[in-house]
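Quick note on numbering: the sequence shown equals residues 8 to 416 in this note's numbering.
Backbone N, C-alpha and C define an ideal beta-carbon position, used for all residues, glycine too.
For clarity, every value in this text was computed on a predicted model and none was experimentally measured.
Take a look at the structure set out below.
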Amino acid sequence: MIARVDGRVVLVSGAIPGERVAVRVDRVGKGVAYASTVAVEDGSPDRVDPATDPLCGGCLYAHIGYQRQLDLKAEVIADAFTRIGRIAWSMAIPVAPSRVDGYRMRARLHVRGGQVGFFREETNDVCDARATRQLLPATMDAVEGLVEAMGGRGTRLSGTIDLAENAEATERVAHLDVTPQGASGWLRGGSLPPGLTGLTVPAHVPGADRLVELSGSPYVRDAMVIGGYSIALRRHVLSFFQGNRYVVDDLVTHVIDRIPVGSRVVDLYAGTGLFAVSAAVVRGAGVVAVEGDRLSALDLAENSLPAGGRVAPTRQSVEAFTRDLAGRARAPVEVLIVDPPRAGMTREALTGAIGLGARRVVYVSCDVATLARDARRLLDAGYVIRGVDAFDLFPNTPHVETVVVFDRP
Numbered sequence: 008m009i010a011r012v013d014g015r016v017v018l019v020s021g022a023i024p025g026e027r028v029a030v031r032v033d034r035v036g037k038g039v040a041y042a043s044t045v046a047v048e049d050g051s052p053d054r055v056d057p058a059t060d061p062l063c064g065g066c067l068y069a070h071i072g073y074q075r076q077l078d079l080k081a082e083v084i085a086d087a088f089t090r091i092g093r094i095a096w097s098m099a100i101p102v103a104p105s106r107v108d109g110y111r112m113r114a115r116l117h118v119r120g121g122q123v124g125f126f127r128e129e130t131n132d133v134c135d136a137r138a139t140r141q142l143l144p145a146t147m148d149a150v151e152g153l154v155e156a157m158g159g160r161g162t163r164l165s166g167t168i169d170l171a172e173n174a175e176a177t178e179r180v181a182h183l184d185v186t187p188q189g190a191s192g193w194l195r196g197g198s199l200p201p202g203l204t205g206l207t208v209p210a211h212v213p214g215a216d217r218l219v220e221l222s223g224s225p226y227v228r229d230a231m232v233i234g235g236y237s238i239a240l241r242r243h244v245l246s247f248f249q250g251n252r253y254v255v256d257d258l259v260t261h262v263i264d265r266i267p268v269g270s271r272v273v274d275l276y277a278g279t280g281l282f283a284v285s286a287a288v289v290r291g292a293g294v295v296a297v298e299g300d301r302l303s304a305l306d307l308a309e310n311s312l313p314a315g316g317r318v319a320p321t322r323q324s325v326e327a328f329t330r331d332l333a334g335r336a337r338a339p340v341e342v343l344i345v346d347p348p349r350a351g352m353t354r355e356a357l358t359g360a361i362g363l364g365a366r367r368v369v370y371v372s373c374d375v376a377t378l379a380r381d382a383r384r385l386l387d388a389g390y391v392i393r394g395v396d397a398f399d400l401f402p403n404t405p406h407v408e409t410v411v412v413f414d415r416p
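Below, the structure written as structure tokens:
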């Protein structure tokens with residue numbers, strides 16, 4: 008939260024707008040100070056008792072009542088549009104809520120001295136992931152059992168566990184950052200720790216992009232119902248996928264509803280095909296789906312098969328894809344979907360995307376600052392904003408997923 012004292016901006020953790028608090032200044036940067044709340048002198052009616060340490064990863068808003076969290080996120084989006092994008096925005100921005108317990112399907116956990124959990128904010132100290140309630144109790148049982156089993160057999164974890172499970176929590180895969188030699192001794196016979204359906208480790212071959220599958224399958228599979236149609240998606244434990252089991256169907260439905268039936272679509276940063284396959288199956292769209300990551304691209308190719316040829320999976324960077332299309336005779340793109348990483352689109356990627364000349368751009372973003380920056384460039388290129396909606400994929404955090412629809416008049 009932002010305070011101003013003697014003309015200086017102070018960013019305060021643990022506060023709520025409208026409160027008067029006593030703080031401790033933790034550090035001072037150029038033109039800004041960073042502080043933590045140590046006492047609340049005049050509290051907000053939206054203040055709640057957090058269930059865990061708010062500084063444990065993924066809990067910075069845990070002291071704020073949930074409806075106020077949603078309101079704040081709408082205000083943050085509008086503020087970013089105004090300050091960063093120079094876009095005057097006065098309409099209300101709806102933020103679709105989520106259940107706050109057990110919402111995460113993907114997580115990176117850290118291991119230190121036999122303890123497994125998230126990092127405490129701005130430190131490398133491990134805090135109790137179970138107490139944050141972001142992961143299901145059964146998920147934490149599986150992870151803690153894995154760490155205990157590894158430690159009991161003398162295997163030293165080097166730091167991280169990447170975890171993926173499907174929405175139903177019937178499949179759960181862990182990727183350990185340990186040597187395969189260190190782990191293979193206790194997995195003879197293909198046994199798996201309880202609660203896991205797959206286990207992988209890096210190959211540790213210099214220059215190689217390979218994994219060792221110790222046991223089970225490295226994939227989880229999701230069965231979704233979008234617009235009355237069944238969508239089946241496979242994803243590798245290290246492939247990107249939206250992480251909230253409760254809101255992902257609503258997010259996909261919202262995006263797909265913005266695609267006219269039978270339209271020609273390009274999906275940039277397509278991942279495993281979440282939007283591309285849904286657009287092809289539900290809207291009958293012809294989709295060129297572009298993904299640069301090797302593992303995600305393999306999942307994309309597999310997931311595209313049931314679409315009956317309506318999805319053309321392409322493993323290529325967005326920059327290279329748009330550069331290769333420049334000046335080439337092609338059918339006009341009617342809808343462009345972009346779902347870039349938190350850093351947003353590179354200047355080259357956005358220039359190339361604008362050059363596709365799509366009539367509509369559906370921009371899905373997990374970072375309001377880079378979204379506002381890129382929105383400004385789209386507006387300068389002649390697009391207008393038709394709608395802004397948000398989805399709380401990250402409850403109890405400052406983060407929010409935003410979908411903005413741009414049309415070319």
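- With distances taken between CA atoms, V272 lies nearest to V295 out of A85, V295 and A379.
- For L343, the enclosing beta strand (DSSP E) starts and ends at V342 to V345.
- Residues I233, I238, V259 and I263 of the same chain have their beta carbon placed closer than 6 Å to that of S285, with the five preceding and five following residues left out of the count.
- Ranked by Cα distance from L385, the first of R367, R301 and L400 is R367.
- For E326, the enclosing alpha helix (DSSP H) has its first and last residue at V325 to L332.
- The residues D274, F282 and V369, in chain order, have a CB closer than 6 Å to that of I344 in the same chain once the five nearest residues on each side in sequence are set aside.
- One alpha carbon belongs to F126, the other to G362, and they sit about 41 Å apart.
- By the 16-neighbour rule on beta-carbons within 10 angstroms, I9 is exposed.
- CA-to-CA, the gap between R317 and V340 works out to about 15 Å.
- At the C-beta level, A379 and F88 come within 7 Å of one another.
- Shortest Cα-Cα distance from N131 to any of M112, R137, G166 and P104 involves G166.
- A direct Cα-Cα distance of roughly 37 Å separates D331 from I100.
- Rounded to whole angstroms, H70 and C63 show a C-alpha spacing of 12 Å.
- Residue state for L245 is assigned as coil, using DSSP reduced to three classes.
- A distance below 6 Å between beta-carbons, with the five flanking residues on each side excluded, links Q141 to the following residues of its chain, in chain order: G65 and R111.
- For the set A319, V297, D108 and D256, the Cα lying nearest the Cα of T59 is the one of D108.
- Looking at the DSSP output, G14 bridges to nothing.
- Nearest to R322 by alpha-carbon distance, out of G291, R349 and G280, is G280.
- Assigned with DSSP and collapsed to three states, M147 falls in helix.
- G205 carries a strand assignment under DSSP once its states are collapsed to helix, strand and coil.
- By the neighbour-count definition (other C-beta atoms within 10 Å, threshold 16), R252 is a buried residue.
- Shortest Cα-Cα distance from S246 to any of A308, P201 and V268 involves A308.
- By DSSP's assignment, M231 forms a beta bridge with I238.
- Pairing R115 with D169 gives a Cβ-Cβ distance under 7 Å.
- For D78, the enclosing alpha helix (DSSP H) has its first and last residue at Y73 to R90.
- Spanning the alpha carbons of F401 and E82 requires a straight line of approximately 16 Å.
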